[in-house]
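For reference, the structure discussed in these notes is given below.
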Amino acid sequence: MVDNTPANISNALVAPAAKNAPVYNLAGQQVDASYKGVVIKNGKKYVQK
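Structure (C-alpha coordinates):
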(Lines of atoms letter the chains of each structure in order from A; the text may use other names.)
(Lines give C-alpha, C1' and ligand atoms only; values in the text may rest on other atoms or scores of the structure.)
Protein backbone atom coordinates (compact mmCIF):
# COMPACT_ATOMS: atom_id res chain seq x y z
CA MET A 172 0.00 0.00 0.00
CA VAL A 173 1.27 3.50 -0.87
CA ASP A 174 0.89 6.40 1.55
CA ASN A 175 -0.11 9.49 -0.49
CA THR A 176 0.73 12.09 2.16
CA PRO A 177 3.55 14.53 1.37
CA ALA A 178 6.79 14.10 3.29
CA ASN A 179 8.82 16.98 4.76
CA ILE A 180 6.68 19.71 3.22
CA SER A 181 5.50 22.32 5.67
CA ASN A 182 3.96 25.72 5.03
CA ALA A 183 5.26 27.00 1.70
CA LEU A 184 6.07 30.69 1.73
CA VAL A 185 5.80 32.90 -1.32
CA ALA A 186 8.10 35.90 -1.45
CA PRO A 187 6.28 39.17 -2.19
CA ALA A 188 6.87 40.60 -5.66
CA ALA A 189 9.28 43.49 -5.87
CA LYS A 190 7.57 46.79 -6.54
CA ASN A 191 10.47 47.99 -8.67
CA ALA A 192 10.87 44.80 -10.69
CA PRO A 193 12.27 45.24 -14.21
CA VAL A 194 9.78 45.53 -17.08
CA TYR A 195 10.32 43.80 -20.44
CA ASN A 196 8.60 44.03 -23.83
CA LEU A 197 7.59 40.94 -25.81
CA ALA A 198 11.00 40.90 -27.55
CA GLY A 199 12.66 40.41 -24.16
CA GLN A 200 14.20 43.88 -24.08
CA GLN A 201 14.18 45.70 -20.77
CA VAL A 202 12.07 48.85 -21.11
CA ASP A 203 11.24 51.88 -19.00
CA ALA A 204 8.12 52.01 -16.84
CA SER A 205 6.67 54.63 -19.24
CA TYR A 206 6.73 52.13 -22.16
CA LYS A 207 3.33 51.75 -23.86
CA GLY A 208 2.08 48.36 -25.02
CA VAL A 209 2.26 44.77 -23.82
CA VAL A 210 4.90 44.33 -21.12
CA ILE A 211 6.07 41.49 -18.89
CA LYS A 212 6.51 42.24 -15.20
CA ASN A 213 7.11 39.58 -12.53
CA GLY A 214 6.49 36.89 -15.15
CA LYS A 215 2.99 38.13 -16.05
CA LYS A 216 1.82 40.00 -19.15
CA TYR A 217 0.18 43.41 -18.78
CA VAL A 218 -1.08 46.07 -21.19
CA GLN A 219 0.20 49.53 -20.33
CA LYS A 220 -1.66 52.46 -21.90
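Read in the numbering used here, the sequence shown has 198 at position 27, and its numbers run on one by one without any break.
Using N, Cα and C, we set each Cβ at its ideal position, and we do this for glycine too.
Cβ shell of residue i (< 7 Å), same chain only, five flanking positions each side left out
i	result
A204	V194
Residue from the options with nearest C-alpha to residue i
i	options	result
G199	N179, N213 and N182	N213
N196	K190, V185 and Y206	Y206
Nonlocal neighbours in the same chain, by C-beta distance under 8 Å from residue i, ignoring five residues either side
i	result
Q201	P193, V194 and Y195
Y217	V209, V210 and I211
S181	none
(request) Can you check the stretch 181-210 for any beta strand (DSSP E) of at least 3 residues that lies completely inside it and give the ranges in chain order? (result) 194-196
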